[in-house]
Amino acid sequence: MAFVDTLVTETDATVVVVDRYHQPGGHWTVAYPYVRLHQPSAYYGVNSRPLGGDSIDRGGWNEGLHELASAAEVCAYFDQVMRQQLLPSGRVEYFPMSEYDGDGRFHSTVSGDEFEVKIRRRVVDSTYMRVTVPSMRPPKYAVEAGVRCVTPNELPAVRDRAGHYTVVGAGKTGIDACLWLLRQGVDPRQLTWIMPRDSWLLDRQNVQPGPLFANAVIANHAARHEAINTAESVDDLFDRLETCGALLRISDSVRPTMYRCATVTRTELAQLRRIDNIIRLGRVQRIGADTIELDHGTIPTNTETLHIDCTADGLEQRPAIPVFDGSLITLQSVRVCQQVFSAALIAHVEATYADDTVKNGLCHAVTHPNTDRDLLRSLLETNAQLARWATEPGLLEWLSKARLNAKIGLPPSDPDARADFDRQMLDALHIENVRLEQLLLDEQATVRR
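Per my numbering, the very first residue in the sequence shown carries number 878; after that it's consecutive.
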């Protein structure tokens, strides 16, 4: 949707959208009902239409920060984009409940009708990143008959109070499930959290848009820059990033080994820290009537326990491939964990530049992070990407106006001051990357010894 919106806005292209779901919104249409964005609504959706009212939450665990759209809001938003903007343009056709068969052919999964499209320009594959939520597949572990195991989608529909709750999975979905249970008044002593790996988390306050948060965002980037430049090792860098508030973790006594771009507020973190019964024995292999078997041991359970499967990989780490490849465009992140912004930028590059080599140079695909070290590689890739974009004045102009672009503070409006600001930013990116590369090389050399 973000790709189509930008393409239709900036060109006279015609587009056929083949969607396996019943309405626009992709995986949001089958997500758990209490899910919200982990980033401000201001950074999500399509470029041409704001999502939400640009408001600040006045209550709850996100109080004082920009609003986070719910699943219902996101689905309604994308439906409005399609029906109020794209379809009325006369240049977009939409086919829900359909599967693409290849070579310009697709069929309706309801009527069985078959269609063929004359592809004048390219096929755009928006499925490569394999976004998966728990409702889309069964658990990867065995579940004995009679055991109560549900997806997060089913949790609000449960009417029989459980004697205990066990959340399986420590990513964004696991965090959401734990916070939802705590919001409903579940005693933390009634909650077990199976956490195969602890994760470094981002403080959501540091990724806020607009002038209200500009000073805090700039200060966070300056602190991160200082941490990178003064760190003596990779582990020392993580310590410094935590000390300056750039990174958070659930337990002070357990060093995280995972990073998946998840954000929390300090209030949410305090709530999560109320859960004492955290199991760190690897992944679940089997849930039986009285035991849960994990990679490195077993723990007791019982038939009164409700198990919530939160193990689907919504940010699967896929190999980066060329975005532009002959008659195919494969949508991927070109800024880490920013899929909709990436799709809009790819569309702008497609509309603006003629040569695929140039296009791929500006849209170098970056892989989603998984481990703590991937965070450093993500910083390297992001900095290098920003430096590449800075060589294109027209692209910089587009970025300065793009709603989906997560801007770092507020660059000066005066042209001379803006140019000086951009030069300082480029110098900082270069310095950071030199230091990050050296830290990773030093660590590899230490491991080899």
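Backbone N, C-alpha and C define an ideal beta-carbon position, used for all residues, glycine too.
Rounded straight-line distance, which links the Cα of Val1008 to that of His904
Spanning the two alpha carbons is a distance of roughly 7 Å.
Between the alpha carbons of Val885 and Leu963, how many angstroms are there, rounded?
Going by the C-alpha atoms only, they are around 8 Å apart.
Do you know whose CA, among Val1243, Asp1251 and Pro910, lies nearest Ala1034's CA?
Selected option, being the one with the closest Cα: Pro910.
Provide the residue span of the beta strand (DSSP E) that contains Leu1078, from first to last.
Membership of Leu1078 in the beta strand (DSSP E) is indicated by the continuous run Ser1076 to Asp1080.
Give a yes or no on contact between the segment 1030-1050 and the segment 1133-1153, applying the rule of three or more CB pairs nearer than 8 Å.
The segment 1030-1050 is in contact with the segment 1133-1153.
For Glu1193, tell me which candidate among Cys1214, Lys1236, Asp1186 and Glu970 has the shortest Cα-Cα distance.
Closest in C-alpha terms to Glu1193, from the list Cys1214, Lys1236, Asp1186 and Glu970, comes Cys1214.
Quick one, are the C-beta atoms of Val1336 and Ile1185 less than 8 Å apart?
Residue coverage of the chain in this structure runs from 878 to 1326, which leaves residue 1336 outside it and unanswerable.
Would you say the segment 1312-1319 touches the segment 1096-1110, given that touching needs at least three Cβ pairs under 8 Å?
Look at the beta carbons and you see the segment 1312-1319 touching the segment 1096-1110: at least three pairs across the two are nearer than 8 Å.
Proximity winner among Arg1250, Glu1309 and Ile996, relative to Gln1321 (alpha-carbon distances):
The residue with the shortest Cα to Cα distance from Gln1321 is Arg1250.
Residue range of the alpha helix (DSSP H) that includes Pro1270:
Looking at the DSSP string, the run of the alpha helix (DSSP H) that includes Pro1270 is Pro1270 to Lys1278.
Quick test of the definition: if touching needs 3 or more C-beta pairs under 8 Å, does the segment 1198-1218 touch the segment 908-923?
Touching, per the Cβ criterion.
Pairwise C-alpha distance: Trp1266 and Leu1239:
Take the alpha-carbon of Leu1239 and the one of Trp1266: they are about 6 Å apart.
Are the segment 1271-1286 and the segment 1054-1068 in contact at 8 Å, needing three or more beta carbon pairs?
With contact defined as three or more Cβ pairs closer than 8 Å, the segment 1271-1286 and the segment 1054-1068 are not in contact.
Identified DSSP bridge partners for Glu1170:
Arg1163 and Thr1175.
Tell me whether the segment 1011-1023 and the segment 1171-1190 touch, counting them as touching only if at least three CB pairs, one residue from each stretch, are closer than 8 Å.
Enough Cβ pairs lie closer than 8 Å, so yes.
What is the DSSP secondary structure of Leu1192, reduced to helix, strand or coil?
The DSSP-derived three-state label of Leu1192 is coil.
Ile1206 beta carbon less than 8 Å from that of Glu1181:
The beta carbons of Glu1181 and Ile1206 sit no closer together than 8 Å.
Does Asp896 pass the burial test, meaning 16 or more other C-beta atoms within 10 Å, or should it be called exposed?
By the neighbour-count criterion, in which 16 or more other beta carbons inside 10 Å mark a residue as buried, Asp896 falls on the buried side.
N-terminal and C-terminal residue of the beta strand (DSSP E) that Asp1002 is part of:
Its beta strand (DSSP E) spans residues Val1000 to Asp1002.
Contact under 8 Å by Cβ, Phe1115 with Leu1125
Going by C-beta atoms, Phe1115 is not nearer than 8 Å to Leu1125.
With distances taken Cα to Cα, identify the nearest neighbour of Val892 among Met959, Ala953 and Arg1254.
Nearest C-alpha to Val892: Met959.
Can you give me the C-alpha to C-alpha distance between Gly1122 and Ala1147, rounded to a whole angstrom?
The straight-line gap separating the alpha-carbon atoms of Gly1122 and Ala1147 is approximately 15 Å.
Kindly indicate which residue of Ile1308, Asp882 and Arg1143 has the alpha-carbon position closest to the one of Ala1099.
Cα-wise, what sits closest to Ala1099 is Ile1308.
By the DSSP assignment, the beta strand (DSSP E) with Asn1259 in it spans what residues?
The residue you asked about is not Asn; residue 1259 is Thr in the sequence shown. The continuous stretches of beta strand (DSSP E) do not include Thr1259, which lies in the alpha helix (DSSP H) extending over residues Asp1249 to Trp1266.
Below 8 Å, can you find three or more Cβ-Cβ pairs linking the segment 1024-1033 to the segment 1164-1178?
Touching, yes, given that three or more Cβ pairs across the two stretches are closer than 8 Å.
I need the DSSP call for Trp1057, collapsed to helix, strand or coil.
When DSSP states are grouped into helix, strand and coil, Trp1057 belongs to the helix group.
As assigned by DSSP and simplified to three states, the class of Arg997
Per DSSP, reduced to three states, the secondary structure at Arg997 is coil, with no helix or strand assignment.
Cβ of Pro910 within 7 Å of any heavy atom in the ligand MG?
Absence of the ligand MG is noted for the structure shown, with no ligands found whatsoever.
Would the beta-carbon of Ile1127 fall within 8 Å of that of Ile1156?
Not closer than 8 Å, so no.
Please report the straight-line C-alpha distance between Trp938 and Glu944, rounded to a whole angstrom.
Going by the C-alpha atoms only, they are around 11 Å apart.
Have a look at Phe955 and Asp1113 and give me their C-alpha separation to the nearest angstrom.
In a straight line, the C-alpha of Phe955 is about 43 Å away from that of Asp1113.
Rounded distance between the beta-carbons of Pro1029 and Asp1053, thought under 8 Å
With a contact defined as Cβ atoms closer than 8 Å, Asp1053 and Pro1029 qualify at about 7 Å.
Span of the alpha helix (DSSP H) holding Ser1219?
Its alpha helix (DSSP H) spans residues Gln1216 to Thr1229.
Starting from the Cα of Gln856, find the closest Cα among Ser1076, Asn1310 and Gly1271 and give me that residue.
A query on residue 856 cannot be resolved here, the shown segment of the chain reaching from 878 to 1326 and no further.
Bounding residues of the alpha helix (DSSP H) (the contiguous stretch that carries Tyr954)
Ala948 to Gln957 is the extent of the alpha helix (DSSP H) around Tyr954.
Hey, His1241 and Thr883: beta-carbon distance below 8 Å or not?
When the beta-carbon positions are compared, His1241 and Thr883 stay at least 8 Å from each other.
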